[in-house]
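Participant: Here's a structure for you.
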């Protein structure tokens with residue numbers, strides 16, 4: 002048996018060490034030295050070349066080096082009968098929550114104004130609400146969304162979480178289903194999107210949502226770029242309906258040089274850096290999942306393709 006491995010930024014020796022620590026004696030093969038694909042039973046990948054996975058007729062599981070899996074499923078020839086195991090790593094969750102907390106605090110306390118004052122050499126302070134008066138809505142209550150809710154709630158913010166199905170988080174109001182979406186949006190001083198990209202969530206952040214939010218609200222998107230109707234967001238920013246947006250993900254990445262987000266004064270661009278994969282912990286997580294497979298168990302979490310996550 003062998004493992005197909007593809008991640009252009011990887012330290013492959015680190016992955017070999019992680020597998021060895023789990024007593025996994027399988028050859029780790031990058032694409033350039035794949036040779037015969039007949040004995041490949043596992044694939045560990047980030048954005049594998051189109052068609053590469055299709056050649057592995059005995060593939061049992063595909064392990065994503067990331068929480069998302071569209072880098073795999075966008076390949077029109079990927080083997081859809083093979084289960085995909087997505088990365089569920091505690092450091093990734095922690096990093097994403099820290100990114101969200103940073104921008105919530107930045108917007109809550111209007112730190113951008115201090116930069117303006119500094120540029121103008123003005124020694125000024127401004128008022129901001131108590132934390133409990135700032136309403137933060139988080140769309141998506143997977144592992145990361147739940148963690149972010151708990152951390153923001155512990156800072157005293159008024160937090161509402163929303164998901165397709167009902168969740169329970171101590172101290173956090175959790176709503177579910179389309180019938181509650183309007184409430185979540187209308188009460189969002191700061192709206193955070195963590196929803197996976199599906200047919201239902203494409204452009205879920207649209208003109209209707211921006212119009213229903215309190216005037217001067219803030220958007221934080223660290224899910225997928227296609228979750229946002231870009232022209233609608235730019236229009237809402239230009240009108241002042243939305244005061245500012247922190248965007249970490251985009252339809253096209255890297256963001257093209259001529260994209261208006263680069264120069265818009267109310268937009269903060271980060272290069273899909275909210276929660277980059279920690280290679281060491283990712284390797285340990287995936288190696289442990291492969292060990293589970295070899296011992297006759299089933300790895301987790303397996304992506305439900307019907308739901309898209």
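Residue numbers (the working numbering): 2 to 310. Using N, Cα and C, we set each Cβ at its ideal position, and we do this for glycine too. These numbers come from a predicted model, not from an experiment.
1. Counting only the same chain and skipping the five closest in sequence on each side, list residues whose C-beta sits under 6 angstroms from that of residue 271.
2. So within the region 249-274, which uninterrupted beta strand (DSSP E) runs reach at least 3 residues, ignoring any that extend past its ends?
3. Are there any heavy atoms of the ligand ZN lying less than 7 angstroms away from the beta-carbon of residue 100, as far as the coordinates show?
4. How should residue 124 be labelled, buried or exposed, when 16 other C-beta atoms within 10 angstroms of its C-beta is the threshold for buried?
5. By DSSP's criteria, residue 65 is part of a beta bridge. Which residues make up the other side?
6. Please classify residue 49 as buried or exposed, where buried requires at least 16 neighbouring CB atoms within 10 angstroms.
7. In or out: residue 206 buried (at least 16 other Cβ within 10 Å) or exposed?
8. Measure the C-alpha to C-alpha separation of residue 259 and residue 265 and round it to an integer number of angstroms.
9. Express the C-alpha separation of residue 104 and residue 156 in angstroms, rounding to a whole number.
10. Would you identify the three-state DSSP class for residue 158, choosing helix, strand or coil?
11. Count the C-beta pairs between the region 93-109 and the region 208-225 that are closer than 8 angstroms, then say yes if the count reaches three, no if not.
12. Using 8 angstroms as the threshold, is the region 67-74 in touch with the region 122-140, meaning 3 or more CB pairs across them?
13. I'd like the span of the beta strand (DSSP E) that includes residue 94, first residue to last.
14. Evaluate contact between the region 36-55 and the region 73-91, counting only Cβ atoms and requiring at least three cross-stretch pairs below 8 angstroms.
15. Compute the Euclidean distance between the alpha carbons of residue 133 and residue 52, then round it to the nearest angstrom.
16. Following the continuous alpha helix (DSSP H) through residue 284, name the residue where it begins and the one where it ends.
17. Tell me the rounded alpha-carbon separation between residue 228 and residue 110.
18. Applying the criterion that 16 or more other CB atoms from any shown protein chain within 10 Å of the CB defines a buried residue, is residue 24 buried or exposed?
19. Cβ of residue 90 within 8 angstroms of Cβ of residue 283?
20. Determine the DSSP secondary structure at residue 120, reduced to helix, strand or coil.
21. Going by C-alpha distance, which of 163, 181, 210 is nearest residue 242?
22. When we look at the beta-carbon of residue 230 and count the other beta-carbons within 10 Å, is it buried (16 or more) or exposed?
23. Mind checking who residue 174 pairs with in its DSSP beta bridge?
24. Reducing DSSP to helix, strand and coil, say where residue 30 ends up.
25. Please state whether the Cβ-Cβ distance between residue 11 and residue 27 is less than 8 angstroms.
26. Per DSSP, which one or two residues make a beta bridge with residue 182?
27. Tell me whether the beta-carbon of residue 247 lies closer than 8 angstroms to the beta-carbon of residue 234.
28. If you follow the alpha helix (DSSP H) that residue 72 is part of, which residue opens it and which one closes it?
29. Pull up the distance between the alpha-carbon of residue 287 and that of residue 88, whole angstroms please.
30. Assign residue 37 to one of three DSSP states: helix, strand, or coil.
31. Is the region 293-309 close to the region 272-281, with three or more CB pairs under 8 angstroms?
32. Out of 238, 163, 202, 174, point me to the one whose CA is closest to residue 309's CA.
Facilitator: So, from the listed chains and residues:
1. Non-local beta-carbon contacts of residue 271 in its own chain, meaning distances under 6 angstroms to residues more than five positions away in sequence, involve 249 in chain order.
2. Residue ranges of uninterrupted beta strand (DSSP E) with 3 or more members, entirely inside the region 249-274 and ordered along the chain, are 268-270.
3. No copy of the ligand ZN appears in this structure; indeed no ligand is present at all.
4. Burial call: exposed.
5. Under the DSSP definition of a beta bridge, residue 65 partners with 46.
6. By the 10 Å Cβ count, residue 49 comes out buried.
7. Residue burial is scored here from C-beta neighbours: residue 206 has at least 16 other C-beta atoms within 10 angstroms and is therefore classed as buried.
8. If you take the alpha carbons of residue 259 and residue 265, they lie about 11 angstroms apart.
9. When the Cα atoms are used, residue 156 and residue 104 turn out to be separated by approximately 14 angstroms.
10. Coil, per DSSP.
11. Touching, per the Cβ criterion.
12. Flag = no, the region 67-74 and the region 122-140 do not touch.
13. Unbroken run through residue 94 is the alpha helix (DSSP H), 91-109; no beta strand (DSSP E).
14. As far as the Cβ criterion goes, the region 36-55 touches the region 73-91, which means the pair count is three or higher.
15. Approximately 51 angstroms, taken between the alpha carbons.
16. Here the alpha helix (DSSP H) through residue 284 covers 280-295.
17. Our two residues, residue 228 and residue 110, have alpha carbons roughly 26 angstroms apart in a direct line.
18. Under a 10 Å Cβ-count criterion, residue 24 is classified as exposed, with fewer than 16 other Cβ atoms of the shown protein chains found around its own Cβ.
19. The Cβ-Cβ distance between residue 90 and residue 283 falls below 8 angstroms.
20. DSSP, read as helix, strand or coil, puts residue 120 in helix.
21. Checking every option, the nearest Cα to that of residue 242 belongs to 210.
22. Looking at its Cβ environment, which holds 16 or more other Cβ atoms inside 10 Å, residue 230 is buried.
23. Answer is 161, bridged to residue 174.
24. Three-state result, residue 30: strand.
25. Not closer than 8 angstroms, so no.
26. DSSP lists no partner for residue 182.
27. No. Outside cutoff.
28. For residue 72, the enclosing alpha helix (DSSP H) has its first and last residue at 71-74.
29. Our two residues, residue 287 and residue 88, have alpha carbons roughly 8 angstroms apart in a direct line.
30. Residue 37: coil per DSSP, three-state reduction.
31. Because the criterion of three Cβ pairs below 8 angstroms is not met, the region 293-309 and the region 272-281 do not touch.
32. It is 202.
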